[in-house]
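FYI, the numbering for the sequence shown is 1 to 508, going by full-length UniProt numbering.
Every residue gets a Cβ at the ideal spot worked out from N, C-alpha and C, and that includes glycine.
Bear in mind that the values here come from a model prediction, so they are computed numbers and not experimental data.
Here the structure is laid out as structure tokens; the discussion comes afterwards.
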Amino acid sequence: MTNHLFDAFRASMPAPGRVLMETDDGRSISYGEMLARSAQFAHALVAAGVQPDDRVAVQVEKTPEAMLLYLACVRAGAVFLPLNTAYTLPELDYFFRDAEPRLVVCDPEKAGEVEPLAASAGAATLTLGRDGRGTLTNRANAQPKDFADAARGPDNLAAILYTSGTTGRSKGAMLSHENLASNARVLVEHWRFGADDVLIHALPIFHTHGLFVATNVILMAGARMLFEQKFDPARVISLFPRATALMGVPTFYVRLLQQEGLTRDAASHMRLFVSGSAPLLAETHNAWCERTGHAILERYGMTETNMNTSNPYDGERRAGTVGFPLPGVSLRITDPETGKPQAQGEIGMIEVKGPNVFVGYWRMPEKTKAEFRDDGFFITGDLGLIDADGYVHIAGRGKDLIISGGYNVYPKEIESEIDALPGVSESAVIGVAHPDFGEGVTAVVVRKPGSAISTADIAGAIAGRLAKYKHPKQVIFVDELPRNTMGKVQKNVLREAYRDIYATVRAG
Ligand code: MLC
Ligand code: AMP
């Protein structure tokens, strides 16, 4: 028996001495070391009681050890469950109770607070710090450097990634070994990754983009990555001469364009710039072409589906579009109400099907059922159209979602927190065009009669409850919210009314 995903990585592994990652503090980890260290981490997991199918919830800083922990989970047959480092304790509490992990791995600095939450959900806790040290590493250090990988087939789970839901309750998207392996394989080919590529990896590794798109592609190509703890635009440009590719969210490109050092010369060694996770403005695409001579390749994906579409490597990379369905992915546009196919060129719901599409939401069979058609197509919640040349355009969202700097924020979650405050009658949270983050989270609040609740009161109240990136960048107080005849809040009216509030914000 084999381990479907790890075997796919092994099959493309170059000579053991080849470098897999270089860190910003000068460390270098070869493929051989990756094999040995991930074996040691896998042993440490097993010693902590982790068995195949057990969830391992991980909230740690970006380090090579965190990456090795992901690979160790794959090898041990566990289900990797990465969590944004910005999540607060109440947010963690929900994930632990919902996922019931066997083990939680957290930063040593947070262990005092996290351990009791983990324990109350039945999980043990180990630590892994921003220096790569902790109780997990200590245990791994004493272990053998080879490991018999757990037998895992294509349909076994490799990961659960939580994505916020329209109801405000996060859903765990279950991803199988084949979901991840098939998508990485397709992307390696489509984007022409080979063993000589060097990727600048400046994304966080707790979401699909940095974890799967970036890392799995590099492993599957036997290539190398420059593993940066944080996105620092000046530093990223300084890495261009040693690199061949960059993957980023649109905010990366907006911030890089603010740098004087971004020139044709500086980018001459690079072969590929990929953008995704949020819409890239045509204006950014065009400015990038002018400054560097490179056309950014935009692609479209989701936590639930991995990557669905991509602009072509060789053909025209068309600004404002997300290209064509990737090989093996079927994509159709339907009437959001009836589910019937739309005429070509008409806007409708984007639906996808393929080996990339997730297995379902963790312990939410009803939700899963509601988001799939009977013939297996997944209803993405994104609106789009296919133009006469076959390019897919994202034309908006059917779901009430804000994307800020590549992070998804569901208004309902923030509205619930604000509405619960004494002094607040009701609120509506909207996304407003923001030059740096793409959309800025904005709260429109109606006070209770006689209440003097302020922006600072609201900020203070949600501080320990919601991750920082979800906090409103502005709070606007109004006497009442606009409603349609059905009584539904008209968020489009609010978006229009406040469309310019971030116009003077400078990117970066
Ligand atoms: C940070 N802040 C944000 C924010 N990131 N606020 C809103 N939206 C964000 N995305 C807050 C900080 O808490 C801080 O608050 C203030 O903004 C300034 O922080 P910063 O130093 O400028 O932020 P920085 O650390 O530079 O982070 C910005 C960023 C980061 C764009 C580099 O957000 C990022 O790495 N985003 C990538 C997200 C990603 O990987 N998405 C992929 C999801 S997968 P204060 O108040 O303390 O100043 C997916 C599927 C697919 O979507 O298709 O790929
Ligand atoms: P997530 O749930 O974090 O995986 O975010 C997925 C969502 O990001 C998708 O449903 C889209 O709404 C959005 N998205 C991803 N890539 C793009 C893109 N290139 N253009 C527009 N929206 C995108």
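Worksheet item: Beta carbon of Leu35: closer than 8 angstroms to some heavy atom of ligand 1?
Response: In the sequence shown, residue 35 corresponds to position 35, counting from 1. Not one heavy atom of ligand 1 lies closer than 8 angstroms to the C-beta of Leu35.
Worksheet item: Which residues share a DSSP beta bridge with Asp382?
Response: One-based indexing of the sequence shown puts residue 382 at position 382. Asp382 is bridged to Arg397.
Worksheet item: Which stretch, first to last residue, makes up the beta strand (DSSP E) that contains Arg185?
Response: As a first step, residue 185 must be located in the sequence shown, where it is residue number 185. Note, Arg185: premise wrong, no beta strand (DSSP E); alpha helix (DSSP H) at His177 to His190.
Practice prompt. Just list the beta strand (DSSP E) runs in the region 29 to 110, keeping only unbroken ones of 3 residues or longer that don't cross its boundaries, in chain order.
Written response: 55 to 59, 79 to 82 and 103 to 106
Worksheet entry | Segments assigned alpha helix (DSSP H), at least 4 residues, entirely inside the region 225 to 302 | Unbroken alpha helix (DSSP H) stretches of 4 residues or longer found wholly inside the region 225 to 302: 233 to 239, 250 to 257 and 282 to 292, given in chain order.
Discussion item. Looking at Asn3: is its Cβ nearer than 9 angstroms to the Cβ of Arg185?
Written reply: In the sequence shown, the residue the question calls residue 3 occupies position 3. In the sequence shown, the residue the question calls residue 185 occupies position 185. Cβ atoms of Asn3 and Arg185: not closer than 9 angstroms.
Discussion item. Let me make sure I understand the geometry here. Which of Ala11, Asp54 and Asp335 has the alpha-carbon closest to that of Phe96?
Written reply: Here residue 96 refers to the residue found at position 96 of the sequence shown. Comparing Cα positions, the closest option is Asp54.
Worksheet item: To the nearest angstrom, how far is it from the Cα of Val444 to the Cα of His285?
Response: Here residue 444 refers to the residue found at position 444 of the sequence shown. Here residue 285 refers to the residue found at position 285 of the sequence shown. Their Cα atoms are separated by approximately 32 angstroms.
Discussion item. Under 8 angstroms: does the beta carbon of Asp382 sit that close to some heavy atom of ligand 2?
Written reply: Taking the sequence shown and counting its residues from 1, one reaches residue 382 at position 382. Under cutoff, so the answer is yes.
Worksheet entry | is_contact[Asn138, chain D] using C-beta, thresh 9 angstroms | The structure shown contains no chain D; it holds only a single protein chain.
Item to complete: Flag Leu203 as yes when its Cβ comes closer than 8 angstroms to any non-hydrogen atom of ligand 1, and as no otherwise.
Response: Reading the sequence shown from its first residue, position 203 is the one you call residue 203. Leu203 Cβ: within cutoff of ligand 1.
Worksheet item: What separation, rounded to the nearest whole angstrom, lies between the Cα atoms of Ala395 and Leu180?
Response: For the purposes of this step, residue 395 is identified with residue 395 of the sequence shown, where counting begins at 1. For the purposes of this step, residue 180 is identified with residue 180 of the sequence shown, where counting begins at 1. The straight-line gap from Cα to Cα measures roughly 27 angstroms.
Worksheet item: Any idea which residues DSSP pairs Thr309 with across the strands?
Response: As a first step, residue 309 must be located in the sequence shown, where it is residue number 309. Beta-bridge pairing links Thr309 to Tyr300 and Pro325.
Worksheet item: Thr135: beta carbon under 8 angstroms from a heavy atom of ligand 1?
Response: Taking the first residue of the sequence shown as position 1, residue 135 is located at position 135. Outside the cutoff, so no.
Worksheet item: Got a sec: does ligand 1 put a non-hydrogen atom nearer than 8 angstroms to the Cβ of His190?
Response: In the sequence shown, counting from the first residue as 1, residue 190 sits at position 190. His190: no, Cβ never under 8 angstroms from ligand 1.
Worksheet item: Per the contact definition of three or more C-beta pairs closer than 8 angstroms, is the region 312 to 328 in contact with the region 424 to 434?
Response: no
Worksheet item: Thinking just about the alpha-carbon of each residue, which of Asp24, Val74 and Leu20 is nearest to the one in Gln40?
Response: Position 40 of the sequence shown, counted from the first residue, corresponds to residue 40. For the residues Asp24, Val74 and Leu20, the minimum Cα distance to Gln40 belongs to Val74.
Worksheet item: Where does Ile205 fall in DSSP's three states?
Response: One-based indexing of the sequence shown puts residue 205 at position 205. Note: Ile205 maps to coil in three-state DSSP.
Discussion item. Going by C-alpha to C-alpha distance, which of Gly384, Asp146 and Gly376 sits closest to Phe324?
Written reply: Against the sequence shown, residue 324 aligns to sequence position 324. Considering only alpha carbons, the answer is Gly384.
Worksheet item: Any contact of the region 193 to 212 with the region 324 to 340, i.e. 3+ C-beta pairs under 8 angstroms?
Response: no
Worksheet item: Taking the alpha-carbon positions, what's the Thr135 to Asn356 distance?
Response: Taking the first residue of the sequence shown as 1, we reach residue 135 at position 135. Taking the first residue of the sequence shown as 1, we reach residue 356 at position 356. One C-alpha to the other measures close to 35 angstroms.
Fill in: Spatial distance of Lys230 from Phe240 (CA atoms)
If you number the sequence shown from 1, residue 230 lands on position 230. If you number the sequence shown from 1, residue 240 lands on position 240. C-alpha separation (whole angstroms): 16 angstroms.
Worksheet entry | Given 8 angstroms, three or more beta-carbon pairs between the region 299 to 307 and the region 347 to 365 | By the Cβ rule, the region 299 to 307 counts as touching the region 347 to 365, because three or more pairs are nearer than 8 angstroms.
Worksheet item: Quick one, are the C-beta atoms of Leu157 and His177 less than 9 angstroms apart?
Response: Taking the first residue of the sequence shown as 1, we reach residue 157 at position 157. Taking the first residue of the sequence shown as 1, we reach residue 177 at position 177. Yes, the pair counts as a contact, with Cβ atoms nearer than the cut-off.
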